[in-house]
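Okay, so here's the structure we're looking at.
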Amino acid sequence: KTCNETPFLGSYGKEDAKLIKPKDADNSIILYRVETLDESSRMPPLGTHVVDETAVKMLKDWINALDGCE
Numbered sequence: 004k005t006c007n008e009t010p011f012l013g014s015y016g017k018e019d020a021k022l023i024k025p026k027d028a029d030n031s032i033i034l035y036r037v038e039t040l041d042e043s044s045r046m047p048p049l050g051t052h053v054v055d056e057t058a059v060k061m062l063k064d065w066i067n068a069l070d071g072c073e
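Basically our numbering = 1-based index in the sequence shown + 3.
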């Protein structure tokens, strides 16, 4: 229950945000929470102060390649 689901913790200012929005990584909240360093939004919230750029790229590429939710 993540694909095309409306985030219940907020959209962080993104228009038409979804937890995972196929073909639209920029409006996918899961990606935003992985790539941000803002402590109120970051996932995981503790224990890291560095963005894993390799993981961000992989997640972004995967979301943008999704054809839909199945």
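Yeah, the Cβ is synthetic: ideal placement off N, Cα and C, and Gly gets one too.
- Taking a contact as a CB-CB distance under 8 angstroms, the pair residue 40 and residue 66 does not count as one, their CB atoms being some 20 angstroms apart.
- Secondary structure of residue 17 (DSSP, three-state): coil.
- Using a Cβ distance threshold of 7 angstroms, residue 30 and residue 20 count as a contacting pair.
- Here the alpha carbon of residue 9 sits roughly 9 angstroms from the alpha carbon of residue 23.
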